[in-house]
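First up is the structure itself, then whatever we jot down about it.
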Amino acid sequence: MEIKSERIILREFNEEDKKIIVPLLNNLNVTKWLLVYPFPFDLSDAEKTINHMIKRSLENPRTSYNLAIELKKSKELIGGIGLVKIDLEQKTGGVMYWVGEKYWRNGYGSEALKIILDFAFNVLKLRRLYAEVYPGNDSSINLLEKFGFKKEGYLRKSVICKADGKIKDTLYYGLLKEDYNK
0 MEIKSERIIL
10 REFNEEDKKI
20 IVPLLNNLNV
30 TKWLLVYPFP
40 FDLSDAEKTI
50 NHMIKRSLEN
60 PRTSYNLAIE
70 LKKSKELIGG
80 IGLVKIDLEQ
90 KTGGVMYWVG
100 EKYWRNGYGS
110 EALKIILDFA
120 FNVLKLRRLY
130 AEVYPGNDSS
140 INLLEKFGFK
150 KEGYLRKSVI
160 CKADGKIKDT
170 LYYGLLKEDY
180 NK
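Here it is, written out as structure tokens:
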């Protein structure tokens, strides 16, 4: 699967990406905001992560899409975005994303999120998406709100962050298809 926009390509992760994601995710400024990646993040973590993503991509029906964010011109992998916990019966799922620190503040996250939301609502025909974000991650909160996500809950001490081992609260955001299309 591959989806292109003006500056980026969303594509399936592959074996060659294992070494590329290590320096991107072996950065506490990135992983401290993510639910699932440890710090430090090494080649062994990358192998487990990519192998899991490849395995999930072969499921039928798919319950997740974990896609690499790649710059169109340079073919450089800069991050990842995904739809998770897809329930085709209920027509719901979650969205998660990350961008390597040196690529922040260029609008790549916004461009990738627009692509994945269009795919979720218009191709998969989902009716509702959710996202979880740590309080204080203002860039991510602003990005979600830009696309119409509404804060639906504050979950106290809901996760243990793999990057720093701290028990953290999470904010729960939701987006309905009819709110996205406005």
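Going by numbering that gives the first Met the number 0, the residue at position 138 of the sequence shown is 137; the numbering climbs one at a time, nothing skipped. In this text, a Cβ means the ideal position worked out from N, Cα and C, and glycines have one as well.
- Please classify Asp86: is it buried, with 16 or more other beta-carbons within 10 angstroms of its beta-carbon, or exposed? One-based indexing of the sequence shown puts residue 86 at position 87. That one is exposed.
- Task: Tell me whether Met0 is buried or exposed, calling it buried when 16 or more other Cβ atoms sit within 10 Å of its Cβ.
- Result: Counting from one through the sequence shown, the residue named residue 0 turns up at place 1. Flag for Met0 reads exposed.
- Count the C-beta pairs between the stretch 21-38 and the stretch 152-161 that are closer than 8 Å, then say yes if the count reaches three, no if not. yes
- Query: Looking at Lys71 and Lys145, is the spacing between their C-beta atoms short of 8 Å?
  - Reply: Within the sequence shown, numbered from 1, the residue matching residue 145 stands at position 146. Within the sequence shown, numbered from 1, the residue matching residue 71 stands at position 72. No, they are not a contact pair.
- With DSSP run on the structure shown, which of helix, strand or coil describes Thr91? Reading the sequence shown from its first residue, position 92 is the one you call residue 91. It is a strand residue.
- Query: By how many angstroms is the C-alpha of Gly93 removed from the C-alpha of Phe118?
  - Reply: What you label residue 118 is simply residue 119 of the sequence shown in a count that begins at 1. What you label residue 93 is simply residue 94 of the sequence shown in a count that begins at 1. When rounded, the distance between both Cα atoms is 13 Å.
- Message: Checking 8 Å against the spacing of the C-beta atoms, do Ile77 and Gly99 come in under that value?
- Response: Residue mapping note: residue 77 aligns to position 78 of the sequence shown, counting from 1. Residue mapping note: residue 99 aligns to position 100 of the sequence shown, counting from 1. Yes, the Cβ-Cβ distance between Ile77 and Gly99 is below 8 Å.
- Message: For Arg155, tell me which candidate among Leu142, Leu170 and Asn141 has the shortest Cα-Cα distance.
- Response: Stepping through the sequence shown from its first residue, residue 155 is reached at position 156. Arg155 has its Cα closest to that of Leu170, out of Leu142, Leu170 and Asn141.
- Pick out whichever of Asp168, Gly81, Ile7 and Trp32 has its Cα sitting closest to the Cα of Ile191. The question about residue 191 has no answer here: the residues shown for the chain are numbered 0 through 181.
- Item | Residue burial classification, Asp137 (beta-carbon count within 10 angstroms, cutoff 16) | Position 138 of the sequence shown, counted from the first residue, corresponds to residue 137. The residue is exposed, with fewer than 16 neighbouring Cβ atoms inside 10 Å.
- Item | Between the CA atoms of Arg55 and Ala45 - distance to the nearest angstrom | As a position in the sequence shown, residue 45 is number 46, starting the count at 1. As a position in the sequence shown, residue 55 is number 56, starting the count at 1. Roughly 15 Å separates the two Cα atoms.
- Taking Thr172 and Lys149 to be in contact with their CB atoms under 8 Å, please state how far apart those CB atoms are, rounded to whole angstroms. By 1-based counting over the sequence shown, the position of residue 172 is 173. By 1-based counting over the sequence shown, the position of residue 149 is 150. Residue 172 is actually Tyr in this sequence, not Thr. With a Cβ gap of about 7 Å, Tyr172 and Lys149 count as contacting.
- In whole angstroms, what is the alpha-carbon distance linking Arg6 and Glu110? For this step, residue 6 is matched to residue 7 along the sequence shown. For this step, residue 110 is matched to residue 111 along the sequence shown. Cα to Cα, Arg6 sits roughly 8 Å from Glu110.
- Which residue from Ser157, Glu151 and Ile166 puts its Cα closest to that of Leu175? Here residue 175 is taken as the residue at index 176 of the sequence shown, counted from 1. Looking at the Cα atoms, Glu151 is the closest of the given residues.
- Secondary structure at Arg127, three-state DSSP: helix, strand or coil? The residue labelled residue 127 in the question sits at position 128 within the sequence shown. In the structure shown, Arg127 sits in a strand (DSSP, three-state: E or B).
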